[in-house]
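Here's the structure we're looking at; comments come further down.
In UniProt numbering, the protein residues as written are 1 to 188.
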């Protein structure tokens, strides 16, 4: 793989914005993201500065990882949000245990594929960070019609929890919760 996987820095907010806007133009963006290109494009620079600072290297509430190629191009990204027991999640459900929540998974088309390894490396970094800060469980949600993403998540070790939530919109579609447990969680 010809990418460096690392946490973002707070001063990289413009690149955070650029990558997010690219992600929101992906053909399956409507299945994968809660916001739209138009909504995100309209947000002021202060929003993007705060977003980057809140997920930058050294933070413990969330962390955004990127894959940077030799030319400095960001090929993809994933973020981990830390959810504490007792909090309400994005679907207004009480979180039962302290856990990580993977969001914002995106890899540019030209950086995709198992031969490149970007998505796997991003997930490895996100999980390693999650385990290092003491989380025993990480979850994510995938739209029931996003088979490509679900197949990758399962290959990465995530399994269905059995929990589903209504997908955004009014189409009667579902998002499936997939989880992975810390490999040594039972020994702790």
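C-beta atoms are modelled at their ideal positions from N, C-alpha and C, and glycine is treated no differently.
Query: Please list, in chain order, all residues of the same chain as residue 129 whose beta carbon is under 7 Å from its beta carbon, the five residues on each side excluded.; Result: 63 and 80
Query: Three-state secondary structure (DSSP) at residue 42?; Result: coil
Query: Starting from the C-beta of residue 84, find all residues in its chain whose C-beta is less than 8 Å away, skip the five residues before and the five after it, and write them out in chain order.; Result: 95 and 98
Query: Whose C-beta lies closer than 6 Å to the C-beta of residue 25 among residues of the same chain, with five residues either side of it excluded?; Result: 37
Query: With DSSP as the reference, label residue 183 as helix, strand or coil.; Result: coil
Query: Just to confirm, does residue 8 get its C-beta within under 7 Å of one of the non-hydrogen atoms of the ligand ZN?; Result: As presented, the structure is devoid of all ligands, the ligand ZN included, so that no description of it is given.
Query: What's the gap between the Cα of residue 153 and the Cα of residue 176?; Result: 11 Å
Query: For residue 137, does the three-state DSSP call read helix, strand or coil?; Result: strand
Query: Taking all protein chains shown into account, decide if residue 191 is buried (16 or more other Cβ within 10 angstroms of its Cβ) or exposed.; Result: Summary: the structure shown does not reach residue 191, with the chain confined to residues 1 through 188, and so no result is reported for it.
Query: Please name the residue, chosen from 179, 16, 32 and 27, that lies closest to residue 105 on a Cα-to-Cα basis.; Result: 32
Query: In chain order, what residues of the same chain lie with their CB nearer than 7 Å to the CB of residue 70, ignoring the 5 residues before and after it?; Result: 2
Query: Distance, Cα to Cα, residue 179 vs residue 44?; Result: 34 Å
Query: With H, G and I counted as helix, E and B as strand and the rest as coil, what does DSSP make of residue 67?; Result: strand
Query: Please report the distance separating the alpha-carbon of residue 143 from that of residue 125.; Result: 23 Å
Query: Do residue 137 and residue 182 come within 8 Å of each other at the CB atom, strictly closer than that value?; Result: yes
Query: By DSSP's criteria, residue 99 is part of a beta bridge. Which residues make up the other side?; Result: 83
Query: Counting contacts by CB-CB distance shorter than 8 Å, is residue 42 in contact with chain D?; Result: You won't find chain D in this structure, because it holds only one protein chain.
Query: Give me the Cβ distance between residue 23 and residue 14, rounded to the nearest whole Å; I'm assuming they're in contact under 8 Å.; Result: That pair is no contact at about 15 Å.
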